[in-house]
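Residue numbers (my numbering): 11 to 191.
Working notes, beginning with the structure itself.
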């Protein structure tokens, strides 16, 4: 057993079997690299683990009929998939978390997303990194980062379709920053 201290999250993720995420001397979360990446307990861990960091955007929960949505001030409304054990309240302020890997540029051969999970987005910035490309997107006024294969070519101000994998959505309480979904 060895304890190794680093401020480099990539180094920690590649070396460790278990990681302790500390902030201001307090333990935020303990887990395997995959647990920290996939199931962050709060917005600090969500934004700290992963490159690029998880998209974190404030919104409100709205309910229509028996459906639940994440409603943004800009008017964008994302369906929230049903998940057992959650108690989302109409009007509740939350922070939606979605990793860049779950914001997928669509092409005509990619139809793996339900129609209600596909949105038009404007490419604001393109970061070609060789094996992958990071896209800074604007979807109806909501800014999200997308991560795609490096071989795909995009241009600033281009409008593209994006599939959002909402099954991988995280919701955090806006006040406590703790995960609630």
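Glycine included, C-beta positions come from ideal geometry on N, C-alpha and C.
Since we're looking at a predicted model, the values are computed, not measured.
On a Cα-Cα basis, can you pick out the residue from 144, 126, 175 that is closest to residue 134? Here residue 134 corresponds to residue number 124 of the chain shown, with the count starting at 1. Selected option, being the one with the closest Cα: 144.
At least three beta-carbon pairs within less than 8 Å, the stretch 43-59 to the stretch 77-86: They do not touch, by the three-pair rule.
Cβ-based neighbour list, residue 179, same chain, cut-off 6 Å, excluding 5 preceding and 5 following: As a first step, residue 179 is located in the chain shown; it is residue number 169 there, counting from the start. The beta carbon of residue 179 sits closer than 6 Å to the beta carbons of 108 from its chain, once the five residues preceding and following it are set aside; these are given in chain order.
Report buried or exposed for residue 156, applying the criterion of at least 16 other Cβ atoms within 10 angstroms of its Cβ. Residue numbering aside, residue 156 sits at position 146 when the chain shown is read from its first letter. When all chains shown are included, residue 156 counts as buried.
For residue 90, which three-state DSSP category applies? Position 80 of the chain shown, counted from the start, is the residue given in the question as residue 90. Looking at residue 90 - three-state DSSP - the assignment turns out to be coil, as it is neither helix nor strand.
Under 7 Å, do residue 43 and residue 23 count as touching if we go by C-beta distance? Locating residue 43 in the chain shown gives position 33, counting from the first residue. Locating residue 23 in the chain shown gives position 13, counting from the first residue. Their beta carbons are under 7 Å apart, which means residue 43 touches residue 23 by this criterion.
Would you mind giving the Cβ-Cβ distance between residue 113 and residue 172, rounded to the nearest angstrom? I have them listed as a contact below 8 Å. The residue labelled residue 113 in the question sits at position 103 within the chain shown. The residue labelled residue 172 in the question sits at position 162 within the chain shown. Contact holds; Cβ gap of about 6 Å.
Assign residue 107 to one of three DSSP states: helix, strand, or coil. Within the chain shown, the letter at position 97 stands for residue 107. Strand.
Taking Cβ to Cβ, would you say residue 177 is nearer than 7 Å to residue 91? Indexing the chain shown from 1 puts residue 177 at position 167. Indexing the chain shown from 1 puts residue 91 at position 81. Yes.
Does any heavy atom of the ligand HEM sit closer than 6 Å to the C-beta of residue 65? For the structure depicted, the ligand HEM is absent and the ligand set is empty, with no information on it obtainable.
DSSP-derived helix/strand/coil call for residue 99: For the purposes of this step, residue 99 is taken as the residue at position 89 of the chain shown. Here DSSP, grouped into helix, strand and coil, assigns residue 99 to coil.
Assigned exposure category for residue 191 - 16 Cβ within 10 Å defines buried: Residue numbering aside, residue 191 sits at position 181 when the chain shown is read from its first letter. That one is buried.
Name the residue from 69, 160, 126, 58 whose alpha carbon lies nearest to the alpha carbon of residue 140. Along the chain shown, read from residue 1 onward, the residue named residue 140 stands at position 130. Closest option to residue 140, Cα to Cα, is 160.
Pairwise C-alpha distance: residue 123 and residue 111: Counting from one through the chain shown, the residue named residue 111 turns up at place 101. Counting from one through the chain shown, the residue named residue 123 turns up at place 113. Cα-Cα distance, rounded: 14 Å.
Less than 7 Å between C-beta atoms, sequence neighbours within five positions excluded: which residues of the same chain meet that for residue 55? As a working note, residue 55 is residue 45 in the chain shown. Closer than 7 Å at the Cβ level, and outside the excluded window around residue 55, lie 31, 38, 39, 46.
Relative to the C-alpha of residue 4, which residue among 29, 98, 128 is closest? What is shown of the chain runs 11 to 191, which leaves residue 4 out entirely.
Going by DSSP, name the residue or residues bridged to residue 147. Within the chain shown, residue 147 is the residue found at index 137, counting from 1. Looking at the DSSP assignment, residue 147 forms a beta bridge with 133, 154.
Is the beta carbon of residue 104 less than 7 Å from the beta carbon of residue 181? The residue you call residue 104 lines up with position 94 of the chain shown. The residue you call residue 181 lines up with position 171 of the chain shown. Their beta carbons are under 7 Å apart, which means residue 104 touches residue 181 by this criterion.
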